[in-house]
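Colleague: Residue numbers (this note's numbering): 20 to 526.
Sharing a structure below in structure tokens format, with a few things to ask.
This is the structure in structure tokens:
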């Protein structure tokens with residue numbers, strides 16, 4: 020005999036940053052929900068760091084988390100970009116500029132600390148169910164029926180897949196779509212995805228010459244070493260490297276996985292590679308100690324695929340966050356875009372459901388409009404941002420001779436404003452939650468949703484901020500930049516050419 024299903028209006032699959040943030044949104048709007056987490060805790064003490072940037076902080080502030088975040092996060096203070104071949108260091112400072120433009124600064128967290136803050140603000144913890152791995156979803160005309168590995172059954176008006184890059188909800192969404200015949204899911208979404216890079220992440224107790232808030236990034240051929248001084252005597256570390264050609268294409272279900280031996284070998288390579296860099300130019304970090312003193316519980320190795328689904332829903336099933344769009348983590352934009360996608364979904368539901376939002380029955384037609392509006396709003400923005408994240412790692416790991424040239428010549432002479440422009444181009448696409456008060460935080464560059472509201476009211480003829488902010492470099496967390504074009508800056512191009520003449524010969 021089948022168990023009696025537990026009913027709610029919304030089911031959220033996954034309790035990470037995306038899932039818990041969405042749960043808080045449902046809580047604030049008074050929508051009945053439950054959250055299903057596959058593992059034994061909603062706040063596992065695993066993982067390393069997560070970056071916080073203005074467009075995500077804006078939403079978290081709306082949800083009442085700002086004071087807790089300020090107590091726990093580490094604001095960015097200084098950034099150094101290091102040339103692996105010469106040891107030359109270039110320092111950038113965009114923090115104050117970004118705060119003035121967008122109302123919030125940039126910082127980073129231990130991932131567990133941020134998830135714990137989200138969890139703390141969930142008032143009814145009984146809505147969060149652990150050891151409930153989703154194994155099957157049946158989408159019906161009037162509801163979804165969700166089965167878990169524990170043998171339990173749940174019913175709701177919709178299910179939100181916030182269960183990450185290896186999403187079970189995405190898999191079940193595609194399975195359900197097969198009943199509708201060809202074209203229900205775009206072929207583009209099922210093509211092999213690109214996975215050029217992998218990274219070793221960790222939390223080290225070695226902090227010598229790495230003060231809190233300091234971020235460093237060492238660039239070289241096909242490799243990048245990163246470090247961030249955190250709170251409480253911690254340094255967050257990253258070692259990113261290009262995968263062999265045969266591993267760079269995969270499906271969503273065959274993303275490369277690595278063994279403990281793979282992790283060990285990669286870190287040994289990192290230690291040898293960083294040891295080759297001269298310290299004559301001011302770099303004074305013992306990378307061997309930095310890597311050797313990593314906490315094994317908070318260290319690991321993972322592949323870095325990137326993709327953006329063109330369609331995020333079928334029927335009453337929708338996916339957001341890493342299940343729908345996966346970023347390279349180097350610019351620190353992945354988590355922030357997860358938050359913005361969650362907020363956009365909630366906004367679309369409010370617009371199409373109206374007064375029915377708090378009812379126990381949601382019409383299929385209204386849900387379809389909401390989900391369609393979500394994708395039409397977010398997909399173009401996320402496609403651009405994901406590509407910029409890939410440009411960032413290609414630039415900072417010298418994937419081409421041109422990237423090596425720009426890093427050595429153009430990057431050191433770019434003004435801080437140019438670095439900040441690239442970040443602003445991505446940050447301004449943020450969207451606040453409708454239905455909740457927006458904190459009065461001064462900023463000089465309007466977000467996209469602010470421009471839209473003013474345009475609808477006939478009060479603002481928005482300039483093309485995209486064209487204003489088209490930059491020769493894309494700023495990313497830690498001041499790492501991917502140069503896209505020099506055509507609009509012939510003066511800089513000339514300076515770069517002169518600088519190139521002084522470089523060491525290319526082997």
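We put the beta carbon where it would ideally sit given N, CA and C, even for glycine.
Taking the C-alpha atoms as reference points, what is the distance between residue 439 and residue 160?
Modeller: Their Cα atoms are separated by approximately 48 angstroms.
Colleague: Assess, as a yes-or-no matter, whether the stretch 73-85 is touched by the stretch 394-401 under the definition of 3 or more beta carbon pairs within less than 8 angstroms.
Modeller: Not touching, per the Cβ criterion.
Colleague: Would you tell me roughly how many angstroms separate the C-alpha atoms of residue 403 and residue 325, rounded to the nearest one?
Modeller: Taking the straight line joining both Cα atoms gives about 12 angstroms.
Colleague: Work out the CA separation of residue 334 and residue 31 for me, nearest whole Å.
Modeller: Those two C-alpha atoms are separated by around 16 angstroms.
Colleague: Under 8 angstroms, with one C-beta from each stretch per pair, do the stretch 175-185 and the stretch 304-312 reach the 3-pair mark?
Modeller: As far as the Cβ criterion goes, the stretch 175-185 does not touch the stretch 304-312, which means the pair count is below three.
Colleague: Alpha carbons only, please: which of 125, 67 and 196 is nearest the one belonging to residue 336?
Modeller: The candidate whose alpha carbon is nearest that of residue 336 is 196.
Colleague: Taking a contact to mean a Cβ-Cβ separation below 8 angstroms, would you say residue 528 touches residue 218 in this structure?
Modeller: Nothing can be reported for residue 528: it is not among the residues displayed for the chain, which extend from 20 to 526.
Colleague: Could you tell me the boundaries of the alpha helix (DSSP H) in which residue 414 lies?
Modeller: Element bounds for residue 414: 383-415.
Colleague: Tell me whether residue 187 is buried or exposed, calling it buried when 16 or more other Cβ atoms sit within 10 Å of its Cβ.
Modeller: With 16 or more other Cβ atoms within 10 Å, it is buried.
Colleague: Between 38, 132 and 50, which has its C-alpha nearest residue 64's C-alpha?
Modeller: For residue 64, the nearest C-alpha among the options comes from 132.
Colleague: Is DSSP giving residue 456 helix, strand or coil here?
Modeller: Residue 456: coil per DSSP, three-state reduction.
Colleague: In angstroms with no decimal places, state the Cα-to-Cα distance between residue 238 and residue 307.
Modeller: So the two alpha carbons sit approximately 17 angstroms from each other.
Colleague: Report yes if the C-beta distance between residue 437 and residue 37 is below 8 angstroms; otherwise report no.
Modeller: The answer is no: Cβ separation not under 8 angstroms.
Colleague: Using the beta-carbon count (16 or more within 10 Å), is residue 352 buried or exposed?
Modeller: So residue 352 ends up on the buried side.
Colleague: For the stretch 199-214 against the stretch 260-277, do three or more pairs of beta-carbon atoms, one drawn from each stretch, fall closer than 8 angstroms, so that the two count as touching?
Modeller: The stretch 199-214 is in contact with the stretch 260-277.
Colleague: Residue 285 to residue 321, Cα distance in whole Å?
Modeller: The straight-line gap from Cα to Cα measures roughly 11 angstroms.
Colleague: Counting Cβ pairs, one atom from each stretch, are 3 or more of them under 8 angstroms apart for the stretch 98-113 and the stretch 157-176?
Modeller: Verdict: no, contact absent.
Colleague: How big is the Cα-Cα spacing for residue 303 and residue 318?
Modeller: Straight-line Cα distance between these residues: approximately 23 angstroms.
Colleague: Short of 7 angstroms in beta carbon distance, which residues of its chain neighbour residue 54, apart from the five on each side in sequence? Order them along the chain.
Modeller: Cβ within range, chain order: 31, 34, 38, 42, 146, 147 and 148.
Colleague: How about residue 347 and residue 412: do their beta carbons lie closer than 8 angstroms?
Modeller: Yes, the pair counts as a contact, with Cβ atoms nearer than the cut-off.
Colleague: Who are the Cβ neighbours of residue 354 in its own chain at under 7 angstroms, not counting the five residues just before and after it?
Modeller: Hits under 7 angstroms: 36, 69, 70 and 75.
Colleague: Which residues bound the beta strand (DSSP E) around residue 346?
Modeller: No beta strand (DSSP E) holds residue 346; DSSP gives it neither H nor E.
Colleague: In this structure, does DSSP put residue 221 in helix, strand or coil?
Modeller: DSSP places residue 221 in strand when its eight states are reduced to three.
Colleague: Which ranges does the beta strand (DSSP E) cover as unbroken runs of at least 3 residues, wholly within the stretch 47-121, from first to last along the chain?
Modeller: Fully enclosed beta strand (DSSP E) runs of 3 or longer: 52-55, 68-71, 97-102 and 108-111.
Colleague: Can you grab the Cα-Cα spacing for the pair residue 142 / residue 84, in whole Å?
Modeller: Rounded to whole angstroms, residue 142 to residue 84 spans 13 angstroms at the Cα level.
Colleague: Go ahead and label residue 104 buried or exposed: buried means 16 or more other beta carbons lie within 10 angstroms of its beta carbon, across all protein chains shown.
Modeller: Its Cβ being crowded by 16 or more others within 10 Å, residue 104 is buried.
Colleague: Do you know how far the Cα of residue 67 is from the Cα of residue 240?
Modeller: Rounded to whole angstroms, residue 240 to residue 67 spans 25 angstroms at the Cα level.
Colleague: Pull up the CB-CB distance for residue 47 and residue 82, whole angstroms please, since I reckon it's below 8 angstroms.
Modeller: Confirmed, Cβ separation roughly 6 angstroms.
Colleague: Can you tell me whether DSSP reads residue 438 as helix, strand or coil?
Modeller: Of the three classes helix, strand and coil, the one that applies to residue 438 here is helix, per DSSP.
Colleague: Whole-angstrom Cβ separation of residue 452 and residue 44, contact assumed at under 8 angstroms?
Modeller: Right, the Cβ-Cβ distance comes to about 6 angstroms (below 8 angstroms), so this counts as a contact.
Colleague: By the 10 Å Cβ neighbour count, where 16 or more other Cβ atoms means buried, how is residue 374 classified, buried or exposed?
Modeller: Under this definition residue 374 is an exposed residue.
Colleague: Round the Cβ separation of residue 350 and residue 407 to the nearest angstrom and send it over; I've been treating them as touching at under 8 angstroms.
Modeller: Rounded, the Cβ-Cβ distance is 7 angstroms, consistent with contact.
Colleague: How should residue 23 be labelled, buried or exposed, when 16 other C-beta atoms within 10 angstroms of its C-beta is the threshold for buried?
Modeller: Residue 23 should be labelled exposed.
Colleague: Do residue 93 and residue 290 have their C-beta atoms closer together than 8 angstroms?
Modeller: No, these two residues do not count as a Cβ contact at 8 angstroms.
Colleague: When we look at the beta-carbon of residue 62 and count the other beta-carbons within 10 Å, is it buried (16 or more) or exposed?
Modeller: Buried, since its Cβ has 16 or more Cβ neighbours within 10 Å.
Colleague: Run through DSSP, which three-state label would residue 274 get?
Modeller: Three-state DSSP puts residue 274 in coil, outside helix and strand.
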